[in-house]
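The next block holds one structure in the form of structure tokens; read it before the comments.
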Amino acid sequence: MERQRGTGYGAAAAGRRWKRAKQQKYLYLMILPAFVCTLIFAYGPMFGLYMSFINYSPGGGTFFHQFFHSDFVGTEWFRYFFTSGDFYTVMRNTLAQSLLSLLLGFPAPIILALMINEVRGGIFKRTVQTMSYLPHFISWVIAANVIVTLLSSQGVINQLLVSLHLVKEPIQFLQNGHMFWWIIAFSNTWKDMGFNAIIYLAAIAGINPELYEAARVDGASRWRQMWNVTLPALKPTIVILSILAVGNVLNAGFDQQYLLQNTTVLKYSDVIDTYTYRYGLQNGMFSYGAAVGLFKSVVAFVLVVLVNAWSRKVNEQSLY
Numbered sequence: 001m002e003r004q005r006g007t008g009y010g011a012a013a014a015g016r017r018w019k020r021a022k023q024q025k026y027l028y029l030m031i032l033p034a035f036v037c038t039l040i041f042a043y044g045p046m047f048g049l050y051m052s053f054i055n056y057s058p059g060g061g062t063f064f065h066q067f068f069h070s071d072f073v074g075t076e077w078f079r080y081f082f083t084s085g086d087f088y089t090v091m092r093n094t095l096a097q098s099l100l101s102l103l104l105g106f107p108a109p110i111i112l113a114l115m116i117n118e119v120r121g122g123i124f125k126r127t128v129q130t131m132s133y134l135p136h137f138i139s140w141v142i143a144a145n146v147i148v149t150l151l152s153s154q155g156v157i158n159q160l161l162v163s164l165h166l167v168k169e170p171i172q173f174l175q176n177g178h179m180f181w182w183i184i185a186f187s188n189t190w191k192d193m194g195f196n197a198i199i200y201l202a203a204i205a206g207i208n209p210e211l212y213e214a215a216r217v218d219g220a221s222r223w224r225q226m227w228n229v230t231l232p233a234l235k236p237t238i239v240i241l242s243i244l245a246v247g248n249v250l251n252a253g254f255d256q257q258y259l260l261q262n263t264t265v266l267k268y269s270d271v272i273d274t275y276t277y278r279y280g281l282q283n284g285m286f287s288y289g290a291a292v293g294l295f296k297s298v299v300a301f302v303l304v305v306l307v308n309a310w311s312r313k314v315n316e317q318s319l320y
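Using UniProt numbering, the first residue of the sequence shown is number 1, and each one after it goes up by one.
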């Protein structure tokens with residue numbers, strides 16, 4: 001009897017799901033192109049991960065013939081990466097640049113969104129918001145040239161420091177390895193701060209105005225309203241974005257490092273992405289480059305799962 005009841009309940013639930021799908025068929029049609037593109041460009045190339053476990057070398061014949069007939073070496077490329085002298089340097093640079101960018105870049109859009117939200121002048125508010133997210137749409141090729149020009153020995157920053165007698169002679173910013181990490185962190189923050197603030201502004205726009213009215217009735221100042229109403233309402237958004245940010249901790253970027261680095265700071269600028277490009281493409285070690293990239297992806301996946309589980313346990317909020 002219980003089995004029949006369970007079977008009937010399952011059939012009824014399946015029928016309701018099918019009825020709901022038919023009602024929302026146009027919504028499913030709208031997401032179909034994105035779903036197909038994700039399958040083709042995100043999941044389709046994953047078969048290439050097999051290259052991490054073979055000794056692939058392009059030669060005679062087609063790509064697939066060489067790919068599937070290369071010698072299987074197992075985890076040899078991973079051991080080579082972990083035991084090489086480059087592992088410590090690359091991981092140090094990647095983590096240092098990512099954590100500094102996270103330290104500066106994560107709270108910056110929150111603070112900017114709160115400040116923009118408190119501005120009452122409509123024209124000034126829209127102007128500041130437009131100017132803040134405009135750098136996001138500038139390519140790193142242009143942004144890197146701007147940064148190099150500003151930080152050059154004859155750039156505006158050095159001229160200002162010398163004119164204020166803060167330094168006696170121009171500072172070679174881009175030739176100083178210890179400054180390179182901070183340059184990358186500030187550059188990432190400047191470029192993405194305004195665009196990321198849009199997410200928080202959208203979350204702020206969804207806050208019930210009655211909460212602010214109740215706070216004003218209780219005599220709360222604008223500062224207290226922001227602290228006790230706005231920030232708690234932003235907590236779910238902050239948690240989700242922080243989980244995603246931790247998952248990208250090994251994704252220090254490629255464009256900014258590649259365009260701003262030089263031989264004098266290579267010891268401090270070489271991250272996983274530039275290291276993979278140099279060995280995987282420039283040196284023709286395709287399997288080695290694929291293994292390093294797979295290592296980064298696996299670590300990112302594990303970090304997302306762990307941080308998401310911790311957030312669900314502590315804050316009762318998670319990504320999934």
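Ideal placement from N, C-alpha and C gives every residue a C-beta, glycine not left out.
Bear in mind that the values here come from a model prediction, so they are computed numbers and not experimental data.
| Check | Outcome |
| --- | --- |
| Residue burial classification, Asp71 (beta-carbon count within 10 angstroms, cutoff 16) | exposed |
| Ranges of the alpha helix (DSSP H) found wholly within the stretch 37 to 120, counting only runs of at least 4 | 63 to 68, 76 to 83, 86 to 105 and 107 to 118 |
| Three-state class that DSSP yields for Ala233 in the structure shown | helix |
| Asn117 and Ser269 closer than 8 angstroms at C-beta | no |
| Contact belief for Asn188 with Ser101 at Cβ below 8 angstroms, rounded distance in angstroms | 4 angstroms |
| Close-in-space but distant-in-sequence residues of the same chain around Ala185 (CB under 8 angstroms, 5 per side omitted) | Gln97, Leu100, Ser101, Leu103, Leu104 and Gly105 |
| Range covered by the alpha helix (DSSP H) that runs through Thr127 | Gly122 to Tyr133 |
| Neighbourhood of Val307 by C-beta, 7 angstroms cutoff - its chain only, sequence neighbours within 5 removed | Ile243 and Val246 |
| Ile184 in three-state terms, based on DSSP | helix |
| Candidates Pro135, Ile110, Ser311 and Ile142: closest to Trp227 by CA position | Ile110 |
| Secondary structure of His136, DSSP reduced to three states | helix |
| Backbone secondary structure at Gln24 - three-state DSSP | coil |
| Three-state class that DSSP yields for Leu166 in the structure shown | coil |
| CA-to-CA distance, Ala14 to Ile138, given in whole angstroms | 49 angstroms |
| Outcome for Trp181 when other beta-carbon atoms lying within 10 angstroms are tallied against a minimum of 16 | buried |
| Environment of Val239 [buried if 16+ CB atoms lie within 10 Å] | buried |
| Proximity below 8 angstroms, CB of Leu294 to CB of Ser52 | yes |
| Residue environment, residue 325, which counts as buried when at least 16 other CB atoms sit within 10 Å | What the structure shows of the chain is the stretch from 1 to 320, and residue 325 is not part of that stretch, so it cannot be assessed. |
| Cβ shell of Thr230 (< 8 angstroms), same chain only, five flanking positions each side left out | Leu114, Asn117, Ile204 and Ile207 |
| Check whether Lys267 and Thr83 have beta carbons under 8 angstroms apart | no |
| Reference Val148, options Phe124, Gln175, Ser163 and Thr127, closest by Cα | Gln175 |
| Length at least 4, wholly inside the stretch 254 to 278: the alpha helix (DSSP H) runs in chain order | 255 to 260, 266 to 269 and 272 to 277 |
| Close Cβ partners of Ala108 (< 7 angstroms) along its chain, the five nearest in sequence each way excluded | Thr189 and Met193 |
| Where Leu250 sits in the DSSP three-state scheme | coil |
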